[in-house]
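Number of protein chains: 4
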Amino acid sequence: MTHSAPFPTRWNDNDQYGHVNNAVYYEAMDTTINTWLIGAGLVPVGGAEIAVCRSSSCDYLAPIAFPDAMRVGLRAARIGTTSITWELTIQREDTGLLLATGRFVHVLVDAATRRPVPVPPWLRQAVEAELTG
Amino acid sequence: MTHSAPFPTRWNDNDQYGHVNNAVYYEAMDTTINTWLIGAGLVPVGGAEIAVCRSSSCDYLAPIAFPDAMRVGLRAARIGTTSITWELTIQREDTGLLLATGRFVHVLVDAATRRPVPVPPWLRQAVEAELTG
Amino acid sequence: MTHSAPFPTRWNDNDQYGHVNNAVYYEAMDTTINTWLIGAGLVPVGGAEIAVCRSSSCDYLAPIAFPDAMRVGLRAARIGTTSITWELTIQREDTGLLLATGRFVHVLVDAATRRPVPVPPWLRQAVEAELTG
Amino acid sequence: MTHSAPFPTRWNDNDQYGHVNNAVYYEAMDTTINTWLIGAGLVPVGGAEIAVCRSSSCDYLAPIAFPDAMRVGLRAARIGTTSITWELTIQREDTGLLLATGRFVHVLVDAATRRPVPVPPWLRQAVEAELTG
């Protein structure tokens, strides 16, 4: 199972080549993951653990330009002891054309010490139920 | 009459104070104006004239944080010979709470020379019909 | 007396009109003010009070494009009971050409409750000594 | 041989975790590459060919927070027929601590048609002379 969400573009996402700048795709992926995490129960400020980015990558297949909107698809490829590997797709919202595929690895860390901690059971369960298989 | 549009926030819009950074409000206003302009017929790349920002301002009344969404309201306060003065409101999308009020002055310029040109009749008409009164 | 600091531009600051987007000027002003505040002793995370933006404005006089750099000048126009009004200039770093003038009003608030608090004496003193007159 | 350049951070680069957001590292890498390309003779607007991002990745090793500055190191790992593979390092400007390593693949495309074109000889020569070996 996977999750997907729209990601509208902004005027200033277009760079001087008239298309959405490559860094914005990471904003789109990060926003989609964090929206899902917060919905699942992660508390960014004041919670016990937070998820920080350990690595990320993106392959760009086709450009898009404001005012066209993206749609981001999210699945979990792997749940490790302290990390989650996310796989993402970015499509045009209107036609479904695949624009990019990406990957994020998040490490769960203690909110105070920023040291890795095990993926909490409630999160493991939610990821398994909603974003795998 | 006025126009209004949702403006979802992004993970990285929140600054270290845990709320949407003040500069993002200008992205929200600029995006709303340009979406309307493009819908009205302005062609950002390859058109005869473009609208460039001459001045802007914003009063911040209440904070908002990702993942909450904004809604931006737009009206035209004045159509000059070569400029349009926009007045905007930014509210929470869910509760309608007023977060900020803002103003943009756009000058119409020739796309090539970037010199001011009269507001084209089709644009003046659209603004008067949809964003004033 | 005033403070000034360089503000290099980034590839993605240029929007599709090939010049630095208007919202970036607010990033430049906010960055310059906060760098000065931190240098003066403000602690953004874990300190007693923080400075939040109450209003801002900018007049755009001439465009600039990456890779050209800005220089931001800062002075304090007024120190109120709980607020500071900053006046800023943005120039080209190389030629000194004036690109924009701006204004920020910051309100000092308690870091926890986010309620306005008096400008602390150490900050009032530093502003008066370095950014006024 | 390699090229390196400072990359100052901005107030709004820090996200709500109080460190520079992961997407900003891509802005840093893209800015460093494009600054070098423009210095080498690439003309972003009005030139024959432009370089667009085909893929990118980043491994995050240590956080950094505004107002600390980055330094980005750049070398070319491979010059293909129509593409260049860049390898980058991001360090703290003050201590040299390695914060991240990254990779960009740029494809040279015709500025008008956006179809891949051979890496022009002047660019191949400059990359070989300054960013390889």
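Residue numbers (this note's numbering), protein chains in the order written: chain A, 1 to 133; chain B, 1 to 133; chain C, 1 to 133; chain D, 1 to 133. Positions of the beta carbon are idealized from the N, C-alpha and C atoms, including for glycine. Note that the coordinates shown come from a computational prediction; the quantities given were computed from them, not determined experimentally.
Contacts around residue i, its chain only, beta-carbon distance under 7 Å, and the 5 residues preceding and following it disregarded
| i | result |
| --- | --- |
| R10 of chain A | F66 |
| A40 of chain C | L123, A126 |
| G96 of chain A | none |
| G47 of chain B | A111 |
| R115 of chain D | V109 |
Selection from the options that minimises the alpha carbon distance to residue i
| i | options | result |
| --- | --- | --- |
| V107 of chain B | B:A23, B:S4, B:I64, B:E49 | B:E49 |
| D110 of chain C | B:Y17, B:S4, B:R75 | B:Y17 |
| S4 of chain B | B:I64, B:D15, B:I33 | B:I33 |
| V45 of chain B | C:D15, C:T101, C:E27 | C:D15 |
| R54 of chain A | A:F7, A:T82, A:A126 | A:T82 |
| R75 of chain D | D:V117, D:W86, D:R114 | D:W86 |
| V117 of chain A | A:I84, A:P6, A:G73 | A:I84 |
| P120 of chain B | B:M70, B:L37, B:P8, B:R71 | B:L37 |
| P8 of chain D | C:M70, C:G80, C:G47 | C:M70 |
| I64 of chain A | D:F104, D:V52, D:Y60 | D:V52 |
| Y26 of chain B | B:R114, B:F104, B:R115 | B:F104 |
| L98 of chain B | B:T35, B:S56, B:P6, B:Y60 | B:Y60 |
Buried/exposed call for residue i, threshold 16 Cβ in 10 Å
| i | result |
| --- | --- |
| R78 of chain B | exposed |
| D94 of chain B | exposed |
| Q91 of chain A | buried |
| E128 of chain A | exposed |
| L42 of chain B | buried |
| A137 of chain D | The shown model of chain D, from 1 to 133, leaves out residue 137 of chain D, and the question about it has no answer. |
| T132 of chain B | exposed |
| A62 of chain D | exposed |
Same chain, Cβ closer than 8 Å to residue i, five either side skipped, listed in chain order
| i | result |
| --- | --- |
| D13 of chain C | V20, N21, V24, F66 |
| T2 of chain C | G73, L74, R75, L131 |
| D68 of chain B | T9, R92, E93, D94 |
| T35 of chain B | A5 |
| G80 of chain B | V119 |
Cβ-based neighbour list, residue i, same chain, cut-off 6 Å, excluding 5 preceding and 5 following
| i | result |
| --- | --- |
| T31 of chain C | none |
| G102 of chain B | M29, C58, L88 |
| A112 of chain B | none |
Short CB-CB distance (under 7 Å) between residue i and chain E
| i | result |
| --- | --- |
| N34 of chain D | No chain E is present in this structure, whose protein chains are A, B, C and D. |
Amino acids of chain D, ordered along the chain, whose beta-carbon sits closer than 9 Å to that of residue i
| i | result |
| --- | --- |
| V52 of chain A | Y17, H19, N22, Y60, P63 |
Chain-ordered neighbours of residue i on chain C, where CB pairs are closer than 7 Å
| i | result |
| --- | --- |
| P44 of chain B | Q16 |
| E68 of chain B | Before going on, a small fix: residue 68 of chain B reads as Asp here, not Glu. Simply none; closest approach about 16 Å. |
Partners in chain B for residue i, counting only beta-carbon separations shorter than 8 Å
| i | result |
| --- | --- |
| S55 of chain C | S57, C58, D59, Y60 |
Residue i: contacting residues in chain C (beta-carbon distance under 9 Å)
| i | result |
| --- | --- |
| R92 of chain D | The premise fails here: R92 of chain D is roughly 17 Å from chain C at the closest Cβ pair, so nothing lies under 9 Å. |
Where residue i meets chain A, residues with beta-carbon distance less than 7 Å
| i | result |
| --- | --- |
| W135 of chain C | This structure does not reach residue 135 of chain C, given that chain C is present from 1 up to 133, and the question cannot be answered. |
Neighbour list for residue i in chain A, Cβ cutoff strictly below 8 Å
| i | result |
| --- | --- |
| E27 of chain B | R10, W11, N12 |
7 Å Cβ cut-off: residues of chain D touching residue i
| i | result |
| --- | --- |
| I38 of chain C | P67 |
Interface partners of residue i on chain B, CB under 7 Å
| i | result |
| --- | --- |
| D30 of chain C | N22, A23 |
Open item on the list: Quick check for students: name the residue ranges of the beta strand (DSSP E) that lie wholly in the stretch 8-55 of chain A, counting only runs of 3 or more.
Closed with: none
Task: Residue ranges of each beta strand (DSSP E) within the stretch 74-120 of chain C, 3 or longer - done: 83-92, 98-110
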